[in-house]
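**Student:** In full-length UniProt numbering, the protein residues as written are 1 to 543. Every residue, glycine too, gets a C-beta built ideally from N, C-alpha and C.
See the structure below:
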């Protein structure tokens, strides 16, 4: 929006509200008076005080036929008309989305501004006998909720269980409750809810069992087909001399089994290299899936320090399955099934958060451990469907690509904090330089695991998926506001790239992001009011 509104003289006046428009018209009247005096036409404006002249000066109507053509309208009447029109338009727009950049902003704001109301009498959760399916029966039979000493945890947990235990999940209530954080203390709750929010489990709870059974059968077929590396044996696959010559190990033919083998090996090595660097601040991913095997520390250390292919035959025979192995398999299968996306560095970090949540917060009586890998794969696939454009270089310039995402964030920053935005632009700080990882990886590399999981509760509960991430990012920039207002390029970049280092409680940042959203909506309303004012002046008063 322009900082100034076009005046009748074709010049610009400061954005000072209705009074500014009136003063501009008054100044124009004085110019007319002076011009007429110089031309010998003073009598047309003589005999009255300046106040009278102000009251009587008018704007000529449109020339031509029709009622009101050529009539003069007093300034006060004009101002009241403008105010009335603006108020009417604002009332009509309150029920609509307030910003094109954030669709469904009204609905989002209702979810985001939800605060749990303390009821006079807590409503108990459903009983196991009231469970809508087997999964809910196991969850409701657990003692995790009863064991909580906190009324807040018990009440919120009961509310979430009621939203889940319906013929069709109450998604609106579920998102409201999850936006403020899913209680860590109730085992099995968050992994189940994330499966729903990521659209793996259907809202129809009667379909859960059949859906899970079908999905797990499909995944097992893919695992058998894709994970077992091809072992080219002459007696089985090359049973005649002619085929051996044609399918030479150096063949570049797309149908060559050797060519496919080498490509798969390259992909596996790339994934293995990145997985070994995943969440190095945690020992979790180097540990054995079978907890009883974690006593073999020496063997686990060997596996962590070198590639699987580089292990000795003796160490391979003693190989212990670790959590990292699960990540490798899921990423490899995903890359093979999605050749248009393939595997891109960073996907390992996203998958690691999902896996840690599904493992560490699960109650395996609710969802068996042997089914975790399959569910993890489909949840990761669904999440990547929503964010994968940020990983595809060819889409960088598209609205759904990383450039488009950063452009939306930049525009919100400009509206909410124009001073910071102005200095960053003046210092030629490209917002991609510091925010690329924020958007690509949903900020999962910026915080410790517990804070990331709490943040993802909120992001997954956003009814307009990941729009709220823009406000999280603006709030993050504002933690460095002082330096961003005065710093040069180097100062701004250094502080913005480390902006999350000082954030130890993600809940504080989420609250600040809600304030940013509220400010954004108000500023959008203000900009719209000025657009309406300018439109009224130009169309109705012909200035």
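1. Is residue 187 helix, strand or coil when you go by DSSP?
2. Per DSSP, residue 147 is paired with what?
3. Where does residue 276 fall in DSSP's three states?
4. In its own chain, which residues sit with a C-beta less than 8 angstroms from the C-beta of residue 428, not counting the 5 before and 5 after it?
5. Contact check, residue 348 vs residue 274 under 8 angstroms by CB: the rounded distance?
6. Nearest-angstrom Cα distance between residue 358 and residue 376?
7. Does residue 494 have its Cβ less than 8 angstroms from a Cβ in chain B?
8. Which value, in whole angstroms, describes the spacing of the CA atoms of residue 199 and residue 430?
9. For residue 322, which beta-bridge partners are listed by DSSP?
10. What does the alpha-carbon distance come out to for the pair residue 173 and residue 165?
11. Name the DSSP beta bridge partners of residue 204, please?
12. Return the Cβ separation of residue 194 and residue 460 in integer angstroms, given the expectation that the two are a contact with Cβ distance under 8 angstroms.
13. Of the residues 169, 150 and 153, which one's Cα is nearest the Cα of residue 131?
14. Using DSSP with H/G/I as helix, E/B as strand and the rest coil, what is residue 55?
15. According to DSSP, is residue 487 part of a helix, a strand, or is it coil?
16. Just to check my reading of the structure: residue 222 and residue 133 have Cβ atoms closer than 8 angstroms, yes? What is that Cβ distance to the nearest angstrom?
17. For the alpha helix (DSSP H) that residue 447 lies in, which residues bound it at each end?
18. So which of 515, 481 and 486 has the shortest CA-CA distance to residue 499?
19. Only counting the same chain, and skipping five residues up and downstream in sequence, which positions put a Cβ closer than 8 angstroms to that of residue 178?
20. Compute the distance between the beta-carbons of residue 343 and residue 352, then report whether it is under 8 angstroms.
21. Can you say whether residue 303 is buried or exposed, counting buried as having 16 or more other CB atoms within 10 angstroms of its CB?
22. Going by DSSP, what residue range makes up the alpha helix (DSSP H) through residue 405?
**Tutor:** Let's see:
1. For residue 187, the three-state secondary structure derived from DSSP is coil.
2. Partner(s): none; residue 147 has no beta bridge.
3. In the structure shown, residue 276 falls within a helical segment according to DSSP collapsed to helix, strand and coil.
4. Once the five neighbours on either side are set aside, the close Cβ partners of residue 428 are 489.
5. Contact annotation, residue 348 with residue 274: C-beta distance approximately 5 angstroms; criterion of less than 8 angstroms satisfied.
6. Roughly 8 angstroms separates the two Cα atoms.
7. In summary, chain B is missing from the structure at hand, where a single protein chain is found.
8. Straight across, the Cα-Cα distance linking residue 199 with residue 430 is about 35 angstroms.
9. For residue 322, which the question treats as bridged, DSSP gives the partners 288.
10. Roughly 12 angstroms separates the two Cα atoms.
11. Residue 204 is bridged to 168.
12. Confirmed, about 6 angstroms.
13. Here the closest residue by C-alpha is 169.
14. Reliability fails at residue 55, whose pLDDT of 41 lies under 50, so the model's placement of it is uncertain and the value that follows must be treated cautiously. Shown here, residue 55 sits in a helix according to DSSP, grouped into three states.
15. DSSP places residue 487 in the coil class of the three-state scheme, outside both helix and strand.
16. With 8 angstroms as the limit, residue 222 and residue 133 do not qualify as a contact, their Cβ atoms being about 26 angstroms apart.
17. Boundaries cannot be given for residue 447, as no alpha helix (DSSP H) includes it and DSSP labels it neither H nor E.
18. The residue among 515, 481 and 486 with its C-alpha nearest the C-alpha of residue 499 is 481.
19. Cβ within range, chain order: 160, 193, 197, 457, 458, 460 and 461.
20. Residue 352 is positioned such that its CB atom lies no closer than 8 angstroms to that of residue 343.
21. If you draw a 10 Å sphere on the C-beta of residue 303, you find 16 or more other C-beta atoms in it, and that means buried.
22. Per DSSP, residue 405 belongs to the alpha helix (DSSP H) from 402–416.
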